[in-house]
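Residue numbers (our numbering): 58 to 300.
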């Protein structure tokens, strides 16, 4: 039935290819590997909830109804490569429950300069112990995890880029988990790499830090600009690349 709402199957990556379940491998989505849900309710993953209009990005305050605070592009990482302390509510706690990152776009304005780059969706899921409640069908081993998906479609089902666009689960992890994306389109202005670090989690929310890599190894002027360009967590004065 979800196909009639525009959803495609939900896959999961294993290295550089889809896992053994192919395009059905995502255990966090009803359009993926849903067998583990049993008699519980397994809801869609972050990009599919966004596509359906059921959820949006996190807000800074009550006036941020569009969730612009959690919709990030390259411009958000200009002053500092790190964005610390982002609070992502569990999907069962709020409809504003994800962070979307597209560092291949200069900013989020229509017509902004951009380069080909994956759009990443970062969300948090917790298994609900109430029968029939939101995510009561989330497998126990997937609970209290931050999920990172890639999806380059839009909410406009007639848009050409939506044809055959499917969400893909790239990684998930609990507290202290760190994930680093592939390094795409090595331009200082756009693209690069994304680092997601899970600081802590509880029954209702996760705290994450994000960093944009503009280079894989610091060198030259980057060793004195005061920016953690390679997202290794070290200031220039302590970075082995610069010593």
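We put the CB at the ideal spot given by N, CA and C, even for glycine.
Predicted model only: the values in this text are computed from it and were never measured.
CA-to-CA distance, residue j to residue i, given in whole angstroms
i, j, result
"residue 302", "residue 126", "Coverage of the chain is limited to positions 58 through 300, which leaves residue 302 absent and any answer about it impossible."
"residue 235", "residue 226", "15 Å"
"residue 249", "residue 100", "32 Å"
"residue 140", "residue 288", "11 Å"
"residue 262", "residue 86", "19 Å"
"residue 58", "residue 197", "Low per-residue confidence applies at residue 58: pLDDT is 48, beneath 50, and the placement is therefore not dependable enough to give any value."
"residue 134", "residue 96", "43 Å"
"residue 156", "residue 299", "32 Å"
"residue 173", "residue 242", "8 Å"
"residue 253", "residue 290", "12 Å"
"residue 258", "residue 116", "19 Å"
"residue 271", "residue 136", "13 Å"
"residue 273", "residue 267", "16 Å"
"residue 71", "residue 230", "15 Å"
"residue 179", "residue 251", "12 Å"
"residue 167", "residue 207", "20 Å"
"residue 165", "residue 244", "18 Å"
"residue 88", "residue 69", "11 Å"
Boundaries of the beta strand (DSSP E) in which residue i is found, first to last residue
i, result
"residue 143", "139–146"
"residue 257", "250–258"
"residue 204", "202–207"
"residue 246", "Where residue 246 is concerned, there is no enclosing beta strand (DSSP E), given that its DSSP letter is neither H nor E."
"residue 180", "177–182"
"residue 160", "From DSSP, residue 160 is part of no beta strand (DSSP E); its letter is neither H nor E."
"residue 68", "68–71"
"residue 229", "225–230"
"residue 265", "262–270"
"residue 169", "First-last for residue 169: undefined, no H or E at that position."
Rounded Cβ spacing between residue i and residue j (contact assumed at less than 8 Å)
i, j, result
"residue 138", "residue 286", "6 Å"
"residue 152", "residue 112", "5 Å"
"residue 203", "residue 177", "Incorrect: roughly 12 Å between the Cβ atoms, too far for contact."
"residue 264", "residue 144", "6 Å"
"residue 224", "residue 92", "The Cβ separation is near 18 Å, so there is no contact."
"residue 255", "residue 222", "With a Cβ gap of about 27 Å, residue 255 and residue 222 do not count as contacting."
Sub-8 Å separation of residue i and residue j beta-carbons
i, j, result
"residue 320", "residue 98", "Past the boundaries of the shown model lies residue 320; the chain is included only from 58 to 300, so the question cannot be answered."
"residue 147", "residue 106", "no"
"residue 296", "residue 275", "yes"
"residue 239", "residue 209", "no"
"residue 277", "residue 293", "no"
Neighbourhood of residue i by C-beta distance below 7 Å, restricted to the same chain and skipping five residues each side
i, result
"residue 185", "149, 191, 192, 193"
"residue 228", "205, 236"
"residue 90", "78, 81, 82, 83, 84"
"residue 281", "293"
Sequence-distant residues of the same chain with beta carbon closer than 6 Å to residue i, five excluded per side
i, result
"residue 131", "160, 163, 247"
"residue 200", "183, 184"
"residue 318", "Residue 318 lies beyond the residue range present for the chain, which begins at 58 and ends at 300; the question has no answer from this structure."
"residue 118", "none"
"residue 171", "161, 162"
"residue 279", "286"
Extent of the continuous alpha helix (DSSP H) run through residue i
i, result
"residue 103", "103–109"
Cβ neighbours of residue i in the same chain (closer than 8 Å, five flanking residues each side left out)
i, result
"residue 187", "193"
"residue 169", "130, 162, 163"
"residue 60", "Any reading at residue 60 must be qualified, since the residue scores a pLDDT of 48, below 50, and its modelled position is unreliable; the value itself is stated next. Closer than 8 Å at the Cβ level, and outside the excluded window around residue 60, lies no residue."
"residue 142", "256, 264, 266"
Short CB-CB distance (under 8 Å) between residue i and chain D
i, result
"residue 239", "The question asks about chain D, but that chain is absent: this structure has only one protein chain."
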